[in-house]
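Below: the structure, in structure tokens.
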């Protein structure tokens, strides 16, 4: 099981770049001094350097940055897929750093919904069944049909991934991620493999999930246009958060231009 | 080194688990081929060289008593090259250590003291008896080795009822006794059967045969007809009590050796063929799938502008490397097992030398055959991939069947997790079929190894529990009136005694004939109970003759047909007799008549030549000692001793083959299951890693991936059991051995063991792959598949 730790954010003095200013909602993701490096000696690559971050309950965050800026590494650590070299990361009162494999699996299973860049659907299962697959192992899932309706795919329930377009497949993936009513929705370049119009459909599905399920949503992308739909945009570079922007008004995906 | 060759080396290393399991498969096929062919060739070579060196006779004849002067007439028969006469007789050896009387034969050596012209002895130690010494003898190596005798030892021998002492001066092999056993037994009994060679004068005196011979052996001139010589020889010897001449084919040692060689030849062809067929099939499946798993790489090479030929060469090299590894392992193992197998023959066949021969062409043939077979599998897969447009090859293979249909409908009611393996199985039916069939083929291997135990058990049960129900079988020196049976029944320890009359005959049906013995049994005999195919007792026919089913098949006759029976004793009369019944037997060929009818046929009184005994076990030892002393007893065969010899001799043989074939069964099961699982993981690792990211535990993911194989294994095992039955029938059907029959009886325990071995091998493979599933790279799932 994940170790529960007392919240420590309140005692921090000046909020660093990634930390949010005091608002009503409590932070759900907390990262302090995160470092991640690969290799050793001269060949060492620093993917994250001393990164601090708070993400609030229900917040829609876009992590923006070029390849190699560390955004994927950060998402992997938040998703319990990877461990930092040093520093700590926590989900609510669950310590993610140092947790064992079983605890991280349980964390992903119970709290996190993932959307991948390449959909990662099971080709031998229909849209409905791909969603059902996750519903089967969730504590309090919605009906798969309901999840698919949320992403606008009620008419494609019994199609296999091979019979769906890329955008439809990605929306199935979104439905699969939200069917468990996740606390957090982590999306890795969800529109990376899609054209603009299809991408917008997928983004509205994600936005709707964020709104209606109340899932804290983190989307990583190198597409700056997507930033408009976020509550907060974190720009990353060289393994650090180099800038934080807060949108006064979240744009609807249809309003995005790229 | 070209870049592709470097890729080759790295692939070889990266795929080492698969490479090794496939190499072992090839090795197993090669090993069986090398083992069976080399042991067959070695045995054949030893036979040929010993026969040539010792001038093994080609025609044999026994007479009651013929004057030596008759040999000149025999020599004049057109087609006879060399003829030699000798005196031979039954000998009983009073050997202190033997628990039952030792039976044997004594044969005369030429007066000159030289080697005989035919059937020369090969002395292992000592010398031949001096011409002037009547108390010296050479002894057969089998008995000498069994009792650790050396030149200088003495033996007491009862010849013609008289006790003589011989000093052993030489220990010898003879082409006539490559296989030695008590008459009628298919197993050697080195401790209980002996052959002695003594000076002609000594033997002739013992049997009152001075100036006479009882056996003629001869060789044929080139191009001579054996049948014509035999017919003429019979005519010449008939007035002197000729018992029917016969060719090498009917010489007991030669026939047994030939039967075994024929059996070996069959096995040397069928078993490797079955095995190689299996290995070829598996290579095709496994290597094909391995190449299939590299389709993106192949497509990339093609997209980069590589023409098909270097790509094909690249994979051919890969296969060649695996085959080379497999062949090297297989040749080494095959040579080792072949030498071991030959070692198993040594107690059966007494050759002066039995060297292990491995002709160069054999491993080469095996290696080339395995490479050809493997290449076929790979090229087929390669062709499929190279024919794809490069762009399509670069995309991961999508199971085309997943557009609904049967696979789509299956398991709607099951959970989504169960549907993944189910659709995996049904979505690629051909692949599933091949996997199932491949795993199934492991089962017959184990069964083929273990079933010999069952076959031997059922042989013993049929022959010694059901048919021959006595404890001992006594051969008399010559036919005696029936009161001899009553005398024997009164001996202490004898619970029951039944007389039998055994007469050598030649049975003919149309063009086919066989030399054998007819046994006359009293009506209602209890110590020998003939049985039909359902093992029900068959009453002994009052008229006509009962033949064994195996003999009837070879003669091409059925119940009710008439056969011609030529009695090879006394007046040599010929009779036409109806086949009254068919009976089962295992060892030799049975022909039965009612004893009274047989004696009437012989125009003789109520005579018996053998007595079957039921014996009180507590008094048995004293009884054997007593029988050894009785003058008219030629030999006593004790069932318990025979069974013990059987166990000793057969157990070693069967154990070797059981262990070997079980190992091969494991290699097949592991080869197919492990490779299927690895390829599945290669193909679906990304999917499985995605599931892990979605929160599935390692156990759940492993279950989804391995369930497909589990189902395949569960279907394969029963299928394999059916195949096993079929293979056993196939191999036994290819046998052509007249010495003994092997019933295709497979016990439940054998089936169960084979099933468990294969299940165990599959489980072990799954565990290994499960460890790889545990190490899946989850982060990779978030990236594009490469």
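Chains as they are written, first to last, in our numbering: chain C, 17 to 274; chain L, 758 to 1543. Glycine included, every Cβ here is placed at the ideal spot set by N, Cα and C. Owing to the predicted nature of the structure, the values given are computational and were not obtained by experimental measurement.
Grouping DSSP H, G and I as helix and E and B as strand, with all else coil, what is residue i?
i                       : result
residue 1525 of chain L : helix
residue 132 of chain C  : coil
residue 897 of chain L  : strand
residue 1536 of chain L : helix
residue 28 of chain C   : Here the model assigns residue 28 of chain C a pLDDT of 39, short of 50, so the residue's position is not dependable and the matter cannot be decided.
residue 261 of chain C  : strand
residue 1100 of chain L : helix
residue 783 of chain L  : helix
residue 1256 of chain L : strand
residue 917 of chain L  : coil
residue 760 of chain L  : helix
residue 1094 of chain L : helix
residue 911 of chain L  : strand
residue 1406 of chain L : helix
residue 865 of chain L  : strand
residue 1359 of chain L : coil
residue 52 of chain C   : strand
residue 252 of chain C  : strand
residue 167 of chain C  : coil
residue 1117 of chain L : coil
residue 276 of chain C  : The displayed coordinates of chain C run from 17 to 274. Any statement about residue 276 of chain C would go beyond what the structure contains.
Note down, in chain order, each residue of its chain lying with its Cβ closer than 8 Å to the Cβ of residue i, except the 5 sequence neighbours on either side.
i                      : result
residue 178 of chain C : 139
residue 169 of chain C : 143, 184, 187, 188, 191
When burial is assigned at 16 or more other CB atoms within 10 Å of the CB, is residue i buried or exposed?
i                       : result
residue 1292 of chain L : exposed
residue 1533 of chain L : buried
residue 1378 of chain L : exposed
residue 1431 of chain L : buried
residue 1066 of chain L : exposed
residue 102 of chain C  : exposed
residue 1437 of chain L : buried
residue 148 of chain C  : buried
residue 86 of chain C   : buried
residue 1139 of chain L : buried
residue 38 of chain C   : Low confidence applies here, because residue 38 of chain C scores a pLDDT of 45, under 50, leaving its location unreliable and the question unanswered by this model.
residue 1257 of chain L : buried
residue 1483 of chain L : exposed
residue 947 of chain L  : buried
residue 60 of chain C   : exposed
residue 811 of chain L  : buried
Do residue j and residue i have their beta-carbon atoms positioned less than 7 Å apart in this structure?
i                       : j                       : result
residue 1481 of chain L : residue 1231 of chain L : no
residue 236 of chain C  : residue 79 of chain C   : yes
residue 1369 of chain L : residue 1284 of chain L : yes
residue 1111 of chain L : residue 818 of chain L  : no
residue 1025 of chain L : residue 794 of chain L  : yes
residue 936 of chain L  : residue 1208 of chain L : no
residue 1407 of chain L : residue 1219 of chain L : no
residue 1502 of chain L : residue 1474 of chain L : no
residue 914 of chain L  : residue 900 of chain L  : no
residue 1425 of chain L : residue 1080 of chain L : no
residue 848 of chain L  : residue 825 of chain L  : no
residue 878 of chain L  : residue 823 of chain L  : no
residue 844 of chain L  : residue 960 of chain L  : yes
Throw me the rounded Cβ distance for the residue i and residue j pair, which I believe falls under 8 Å.
i                      : j                       : result
residue 197 of chain C : residue 157 of chain C  : 7 Å
residue 815 of chain L : residue 1004 of chain L : 6 Å
residue 112 of chain C : residue 118 of chain C  : Actually they are not in contact, since the Cβ atoms of residue 112 of chain C and residue 118 of chain C sit about 14 Å apart, beyond 8 Å.
residue 249 of chain C : residue 200 of chain C  : Not quite, the Cβ-Cβ distance comes to about 18 Å (not below 8 Å), so this is no contact.
Quick one: residues in its chain with C-beta nearer than 7 Å to the C-beta of residue i, no 5 flanking neighbours on either side, listed in chain order?
i                       : result
residue 1077 of chain L : 1128
residue 73 of chain C   : 41, 42, 44, 232
residue 30 of chain C   : With a pLDDT of 41 at residue 30 of chain C, under the threshold of 50, the predicted position of this residue should be treated as unreliable, though the coordinate-derived value follows. Answer for residue 30 of chain C: no residue qualifies.
Only counting the same chain, and skipping five residues up and downstream in sequence, which positions put a Cβ closer than 6 Å to that of residue i?
i                       : result
residue 1124 of chain L : 1084
residue 1459 of chain L : 1527, 1530
residue 1403 of chain L : 944
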